[in-house]
Every structure is written in C-alpha cells, then in structure tokens.
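Chemist:
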Amino acid sequence: MNENVVVSADWLEDRLDDVRVVDVRDSWEYDGIGHVPGAVNVPFDSFRDQDSDASGTLPGAEAWADLLGEAGISADDTVVAYDDTHGVFAARFLVTAEAYGHTDLHLLNGDYSSWMRERETTSDAPEVESTTYEVREPDHSPFVGHEQVETAVDDPDSVLVDTRDDWEYEEGHLPGAVNLDWRELVDDETRGLKPEAEMTDVLAAHGITPDKRVVLYCNTARRISHTYVVLSSLGYDDLAFYEGSLTDWESVGGPIETGT
5 MNENVVVSAD WLEDRLDDVR VVDVRDSWEY DGIGHVPGAV NVPFDSFRDQ
55 DSDASGTLPG AEAWADLLGE AGISADDTVV AYDDTHGVFA ARFLVTAEAY
105 GHTDLHLLNG DYSSWMRERE TTSDAPEVES TTYEVREPDH SPFVGHEQVE
155 TAVDDPDSVL VDTRDDWEYE EGHLPGAVNL DWRELVDDET RGLKPEAEMT
205 DVLAAHGITP DKRVVLYCNT ARRISHTYVV LSSLGYDDLA FYEGSLTDWE
255 SVGGPIETGT
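If you want my numbering, it's the 1-based position in the sequence shown plus 4.
1) Does SER134 come out as helix, strand or coil in the three-state DSSP assignment?
2) So for TYR104, helix, strand or coil by DSSP?
3) Does the pairing of the segment 91-98 with the segment 43-54 give three or more beta-carbon distances under 8 Å?
4) Can VAL10 and LEU111 be called in contact, C-beta distance under 7 Å?
5) According to DSSP, is ALA79 part of a helix, a strand, or is it coil?
6) Out of curiosity, what's the CA-to-CA distance linking THR82 and VAL23?
7) Is the segment 195-204 touching the segment 173-180 in the sense that three or more CB pairs, one from each, lie closer than 8 Å?
8) Looking only at its own chain, which residues have a Cβ that is under 7 Å from the Cβ of ASP269, when we skip the five neighbours before and after it?
9) Is HIS1 helix, strand or coil when you go by DSSP?
10) VAL84 by DSSP, collapsed to three states: which one?
11) Would HIS39 and ALA79 be called neighbours here (beta carbons separated by less than 7 Å)?
12) Please return the same chain residues whose Cβ sits closer than 6 Å to the Cβ of TYR34, not counting the five positions on each side in sequence.
13) Apply the 10 Å Cβ neighbour rule to ASN113 and answer buried if 16 or more other Cβ atoms are within range, or exposed otherwise.
14) Who are the Cβ neighbours of SER249 in its own chain at under 8 Å, not counting the five residues just before and after it?
15) Could you check the C-alpha separation between GLU138 and ASN183 for me, to the nearest Å?
16) If we count the other Cβ atoms within 10 Å of its Cβ and call it buried at 16 or more, is ALA156 buried or exposed?
17) Pairing CB atoms from the segment 187-194 with CB atoms from the segment 243-262, are three or more of them under 8 Å?
18) Return the Cβ separation of VAL132 and GLY76 in integer angstroms, given the expectation that the two are a contact with Cβ distance under 8 Å.
19) Which of the three DSSP states, helix, strand or coil, is assigned to SER162?
20) Would you say GLY91 and THR135 are within 7 Å of each other, going by their C-beta atoms?
21) Work out the CA separation of ILE212 and ALA181 for me, nearest whole Å.
22) On the premise that LEU220 lies in contact with THR231, defined as a C-beta separation below 8 Å, what is that separation, rounded to the nearest angstrom?
23) Taking Cβ positions, are PRO142 and ALA244 nearer each other than 7 Å?
24) Count the other C-beta atoms from every protein chain shown that fall within 10 angstroms of the C-beta of ILE228, then say buried if there are 16 or more, exposed otherwise.
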C-alpha cells in the first residue's frame, strides 16, 4: 500500500462515479440502515476463512476471485472500503486485496456513521454486472513466517508491535514487543484517524518509527490490518505482518515474555 491509502469523505464524494465502493458490514446493516451511494456489500465474514489453507484467515485465491467478480469488481478498479467500526474491518478487506495483487486500494477515513452525518445515503443496492476478477502475484507480500519473526526479535533495527489489548499483552507476548492498541490512533468523535502529528507522537512514544522494520502481530486479523493500513498511510515502507497466533509461535519453540 502507499501513503494515499487513506482518503477523506470529501475525496470519495467527488469520485463516487469513478471508484468501486465496498461496504464490509453485515448485509442487514447494508440493507436496513443504508449505505454510501453506489457501494456494493462484501460482508467481513465472506472473505475470512478460518479453515482455508491460505495464510491466516485469507479466503484463498479462487474464493476471493469469485467473491469480487460477483460484486462487479475488477483487479484494475480503484477500490474504497468502509465499515461502521472506525475502519477496522474495512482495513482487513484491503489487506486481503493486497495479498491477491490488487494495488489501487483505499480506506475511507471515518466510517458509515461519520459519512451519514453530513452526506447522502441510500438503501437502494446498485445494479451490479458480474465480472472476471484476476488474482495477481503481489509485488510485495507483507506476510512473514516464524523465521522472519525470530530474526526481528534479535534485530535492533526492527520493532515487534503487539496490537492486542493491554491485558492480553501482559499475559504473554513476543520478546521485546511493544504494545499498541489500534484505538490509540483513532478519534472517537470524528470516528476517523487522529491528525497525522498526533499519530506520529503516539507511535514514537512506543518506539515505532519509520527508520525501523515494523513487524506486526495480533490474534485478530482486523486489528493488525488497521494498524498496517495506518502505518502505510504514514509512509512506513518496511512493514511485516505475522498472521500466526501466540499459540502457533509457542508450538515451534518461540519464547514468550509476560508483564509490561
């Protein structure tokens, strides 16, 4: 992803006819509460597969291609995703798309509640013409395995970032990891990201700076995805994404620390 991954509501409103807008909320929310005009519904659970052989909870290339093709999305489309939870579920959609080679990806800064305060919404689903979605090999995959994480543990130029809640972190975490709750980067009033300077200060206070390789991990795909998207938007270009859980880490002999 690039620094332009997060876009404003004004940006999107000016381009509704030129982009593919994806609403990842449940279908009852999309239909019953309304949605951004022109948005198609690709619910979060439809692209999260606990039983897939793919990394983490990725759905697999064939399932992903079928899902997006049915939604009328092609691999060359400009895609903007949103949810109603500060963007944390939408971010997972974007990371999944990146894993399958989609490059023109954006997160709406804010969520549906933020959008509907001042902008038009609709309950009418758009007419969708299915297409053939082409899964591509990504130029760069952020996903890393145990060996790369082990290297980062002992690397002074890397920082391990645990995006779980503080109590989870205290019960056990990777050696040397810092704890960053994704909500520290979100403004509860606007429902979008905090100003860039504030986010930079928060990250620096945790030792997370652009000059270091950042290795993210969590136990839920959405939280780590949100942090990944935010760091991408801030110009962090050496990001790694460990999909394994602490149970997976321990199963291969990885050490665990406790406390803060």
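Just so you know, even glycine gets a beta-carbon here, dropped at the ideal spot from N, CA and C.
Modeler: Answer, in terms of the structure:
1) Coil, per DSSP.
2) coil
3) Yes, the segment 91-98 touches the segment 43-54.
4) yes
5) coil
6) 5 Å
7) no
8) Residue coverage of the chain in this structure runs from 5 to 264, which leaves residue 269 outside it and unanswerable.
9) Coverage of the chain is limited to positions 5 through 264, which leaves residue 1 absent and any answer about it impossible.
10) The answer is strand: DSSP assigns VAL84 an E or B state.
11) no
12) ASP27, ASN45
13) buried
14) ASN223
15) Each residue's alpha carbon lies about 37 Å from the other.
16) Classification of ALA156: buried, given that the 10 Å Cβ count is 16 or more.
17) no
18) 4 Å
19) strand
20) In this structure, THR135 does not lie closer than 7 Å to GLY91 by Cβ.
21) 11 Å
22) 6 Å
23) no
24) buried
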